[in-house]
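Student: Mapping of the sequence shown onto the numbering used here: residues 15 to 231, in sequence order.
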Amino acid sequence: MLELLKRVEEENMEEPDLSLYGSVDEDTADDLPRRLEGLDIRSAPTDELLRCLTEEERDRFFSALRDPASELAQKLIASTELGQGSQVPWWESPSISDGDSVLYERQPSIMDVPSRIIRWNLGAPSLLYNICSVLIAYTYTTRHLSMSPLASSDDLQDQSEARRLIASAVPFIADRQSRVLHVTLSDAMTSVWGRFNPGSVDPVVMGLLLKDVAQLV
C-alpha cells in the first residue's frame with residue numbers, strides 16, 4: 015500500500031469514483047498477497063492495483079492520501095515495510111545471493127582516519143552510547159529513505175534529506191561545541207526517540223532499529 019500511495023502522489027491522481035472498481039471476491043478478501051500475485055506493483059497501472067483492493071481497503075487508502083498525518087499514513091511510513099522495499103539495508107545482505115528481486119547493496123567501505131588526528135585520552139568518558147544513538151538515527155534514516163548505503167544515491171535531495179534526518183535525531187553530531195554524553199543505552203534511545211517526528215516510530219519499529227544497532231555494533 016505504501017508503494018501505491020507513492021504512485022498516486024506522483025501521478026497527482028484525484029480520488030476517483032470508487033464504485034467503478036467493483037468488488038473483490040469474498041474468497042480472497044482477506045488475502046491481499048494472493049490478490050496481488052503475478053502483478054509487478056512497480057509497473058502495473060494504478061487502476062489495476064486499485065481493483066485488487068477491497069472497498070474497505072480503498073476507502074482507507076484514500077483516507078490516508080487525504081490526510082498524511084493520519085494514523086494509517088504514519089504507520090505506513092514508519093512500519094517495517096520500509097525495510098522491505100526494493101532496496102534493503104546493507105547489513106542484511108546475505109553472503110550468497112538468494113536470487114530474488116530485492117536489491118542487496120554491499121557493505122560500504124570503511125573510511126580511513128589519518129593517524130595524525132587520532133588522540134587517545136584514556137581518562138575521557140566512554141562515547142559508546144553516543145555512538146549507539148548515532149546508529150539508531152542512521153538505521154532509521156536508511157530504512158525511512160530505503161537508501162542503502164546512504165552515500166549510494168546521486169540525488170542531492172536524497173543526500174540532503176539523509177543529513178537532515180540524522181542531524182535532527184542526534185544534533186550533537188553537527189555541533190562541535192556539544193557536550194552531550196549518554197551514559198546508558200536507555201538514555202541514548204530515549205533521546206533519539208523523542209526527536210523523531212511524533213507517531214513516526216512506534217515500539218515495534220524502535221525494536222527493529224535496536225536490533226539493527228546490535229548487528230552493526
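Note that beta-carbon positions come from the ideal geometry of N, C-alpha and C, so glycine has one too.
If you draw a straight line from the alpha carbon of Tyr-152 to that of Asp-126, how long is it in whole angstroms?
Tutor: 19 Å
Student: Give the single residue among Leu-222, Ile-145, Ile-124, Thr-198 whose Cα lies nearest to the Cα of Phe-186.
Tutor: Residue nearest to Phe-186 within the set Leu-222, Ile-145, Ile-124, Thr-198 is Ile-145 (criterion: CA-CA distance).
Student: With Asn-144 as the anchor, note down where its alpha helix (DSSP H) starts and where it stops.
Tutor: 142 to 159
Student: Within 10 angstroms of the Cβ of Gly-113, are there 16 or more other Cβ atoms? Answer buried if so, exposed if not.
Tutor: Note that Gly-113 scores a pLDDT of 47, beneath 50, so its modelled location is shaky; the value from the coordinates is reported in the next line. Gly-113 should be labelled exposed.
Student: Would you report the Cα separation of Glu-106 and Tyr-154, rounded to the nearest angstrom?
Tutor: 14 Å
Student: Please go through the same chain and pick out, in chain order, the residues whose beta-carbon is closer than 7 Å to the beta-carbon of Leu-164, but skip the five residues on each side of it.
Tutor: Here the set comprises Thr-155, Thr-156, Ala-176.
Student: Can you check which of these residues, Val-102, Val-184, Gly-137, is closest to Ser-147 by C-alpha distance?
Tutor: When each option's Cα is compared against that of Ser-147, the closest is Val-184.
Student: So, Tyr-143 versus Leu-199, is the Cβ gap smaller than 8 Å?
Tutor: yes
Student: Look at Ile-150 and Val-227 and say whether their C-beta atoms are less than 8 Å apart.
Tutor: yes
Student: Which first and last residues belong to the alpha helix (DSSP H) in which Gln-173 is found?
Tutor: Per DSSP, Gln-173 belongs to the alpha helix (DSSP H) from 170 to 183.
Student: Using 8 Å as the threshold, is the region 133 to 143 in touch with the region 197 to 211, meaning 3 or more CB pairs across them?
Tutor: They touch, by the three-pair rule.
Student: Run the CB neighbour count on Pro-212, radius 10 Å, all protein chains shown included, and call it buried at 16 or more, exposed below.
Tutor: exposed
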